[in-house]
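Going by this note's numbering, 145 is the number at position 161 of the sequence shown; the sequence numbering is gapless.
Okay, structure first, notes after.
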Amino acid sequence: MTVRIAVAGAGLIGRRHAQAVSVAEGVALGSIVDPGDVGAEVAKLHGVRHYRSLADMIAKDRPDGVILATPNQIHVENALDCIAAGLPALVEKPLATDLDGAACIVAAGKANNVPLLTGHHRRHNPLIARAKEVIDAGDLGQITAVQATTWFYKPEDYFDVEWRRKKGAGPVYLNLIHDIDLMRHLCGEVVAVHAMESNAVRGNEVEETAVILLKFASGALGTVNVSDTIVAPWSWELSARENPDYPATSEDCYLIGGTHGSISLPNLAVWSNRGTRSWWEPISSTKLIFDFEDPLIRQARQFAAVIRGDEAPLVSAEEGLKNQKVIEAVKTSAANGVTVSL
């Protein structure tokens, strides 16, 4: 069965979703929904119909599912429209601009038994699947600490758009949520957060750097350092080779350590002692093999499997809500100087 998926939103991520859906096995692009003329251009490129509203598309050309790559501010409205129509939806991260909106989406999906997914595409990356296999198999022993670096430099003209200088548009909301999702996916639930923020370079209303301490339910501790003012090679965007628009580096940005070994990502090297575990003993690394398939294509294929009823969502709406709760805890901690428990 070929599943028809419509893409709502013809911006940067919407266009990438449309391309992924158009080439994923067992999936067909149904239509493009966007109020602007750019939507018509993207639809023409893929040879599908263009609709200026979600309601018009649902009424005239109902698909099997919808990817919502619309602005964050209308995610709740769009998701509720899909739920009311009984249409499974994949909502780009974050689910909403606040926790109440995200919780509303999750509750409505459950009440109406409509499958809902969150667009944390990194979990679909084959290297993440391989890393999780290693961790879940116990190869690293008990996870005790994690370290994540998300450093990059957003050029000055990026901030010519006013909303990008305002609260809610900094790297914590826009970028860190992906890193938090992977930390939770690989290392378990976050139970406490302590954070500090700074805007010392640009002086905009929004933060530009944040340093975060995490405590996991397992007892493991983590540090996450995010900044959009640093010229550096250590970020998922620049090291994972997921998006060809970013120049690739050979560096790692995540380190996960356990009592029997450690792993670095995205290069997927496992470090361990061959014999006795000791800092006096030789340590060696093993580079694990993984596939480089585009995670957005894998995500589209998995969405289709969810629609057919063959699989459960890899990243459900509930998972998206949990990530958003951690991000809100980061902002609350940074604002008040306190440790926030989840």
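Note that the Cβ used here is the ideal one computed from N, Cα and C, for glycine as well.
Cα-Cα separation, residue i to residue j
i: P228; j: L222; result: 9 Å
i: C88; j: E265; result: 54 Å
i: K116; j: N257; result: 20 Å
i: T243; j: D275; result: 28 Å
i: Q126; j: A24; result: 52 Å
i: A301; j: S6; result: 24 Å
i: G321; j: A313; result: 11 Å
i: V324; j: E9; result: 44 Å
i: R225; j: N251; result: 11 Å
i: G172; j: K44; result: 43 Å
i: G70; j: L166; result: 30 Å
i: A4; j: G203; result: 38 Å
i: G(-2); j: R261; result: 48 Å
i: D21; j: R33; result: 13 Å
i: A53; j: R36; result: 14 Å
i: L326; j: D236; result: 29 Å
i: A179; j: V210; result: 11 Å
i: I42; j: H105; result: 25 Å
i: A92; j: C66; result: 10 Å
Reference residue i; option with closest CA among the options
i: A39; options: T134, E117, K151, L64; result: L64
i: K315; options: A8, K151, K138; result: K151
i: G85; options: V50, P72, L158, Q308; result: Q308
i: D141; options: I112, R186, S269; result: R186
i: P47; options: N209, I164, I(-11); result: I(-11)
i: E191; options: D82, T(-14), L160, H105; result: L160
i: S246; options: A224, T270, G259, A232; result: T270
i: A113; options: A95, N209, L249, I311; result: L249
i: I273; options: I291, L83, K44, A253; result: A253
i: A57; options: C237, G259, E76, I311; result: In the sequence as displayed, the identity of residue 57 is Gln instead of Ala. Minimum Cα distance to Q57 is reached at E76.
i: M(-15); options: C237, A319, I291; result: I291
i: G154; options: N188, L170, I240; result: N188
i: N96; options: A68, L111, Y35; result: A68
i: E181; options: N109, N62, A318, L198; result: A318
i: G372; options: N62, L83, V26, C66; result: In the structure displayed, the chain extends from -15 to 326; residue 372 sits before or after that span and is not available.
i: H108; options: I42, L197, H169, M41; result: H169
i: Y238; options: Y230, W263, L111, I42; result: L111
Rounded distance between the beta-carbons of residue j and residue i, thought under 8 Å
i: V174; j: F200; result: 6 Å
i: Q131; j: G206; result: 7 Å
i: A80; j: V60; result: 5 Å
i: A288; j: V50; result: Their Cβ separation, rounded to whole angstroms, is 12 Å, which puts A288 and V50 out of contact at 8 Å.
i: W255; j: T134; result: About 22 Å separates the two Cβ atoms, so there is no contact after all.
i: D163; j: V208; result: 6 Å
i: Y157; j: I311; result: 6 Å
i: A129; j: G(-5); result: Their Cβ separation, rounded to whole angstroms, is 37 Å, which puts A129 and G(-5) out of contact at 8 Å.
i: P217; j: T193; result: With a Cβ gap of about 17 Å, P217 and T193 do not count as contacting.
i: V(-13); j: A2; result: About 15 Å separates the two Cβ atoms, so there is no contact after all.
Exposure of residue i, with buried meaning 16 or more beta-carbon neighbours within 10 Å
i: K28; result: exposed
i: D212; result: buried
i: G(-7); result: buried
i: D278; result: buried
i: V215; result: exposed
i: G259; result: exposed
i: P139; result: exposed
i: P55; result: exposed
i: K94; result: exposed
i: A184; result: exposed
i: I267; result: exposed
i: P78; result: buried
Residue-level contact to chain D via CB, residue i, 7 Å cutoff
i: S211; result: Although the question refers to chain D, the structure presented lacks it and comprises just one protein chain.
Discussion item. Taking 8 Å as the cut-off, does the region 293 to 302 touch the region 12 to 24 (at least 3 CB pairs, one atom from each stretch)?
Written reply: no
Item to complete: Take every Cβ of the region 93 to 108, pair it with every Cβ of the region 139 to 159, and state whether three or more of those distances are shorter than 8 Å.
Response: no
Worksheet item: Counting Cβ pairs, one atom from each stretch, are 3 or more of them under 8 Å apart for the region 271 to 289 and the region 121 to 130?
Response: no
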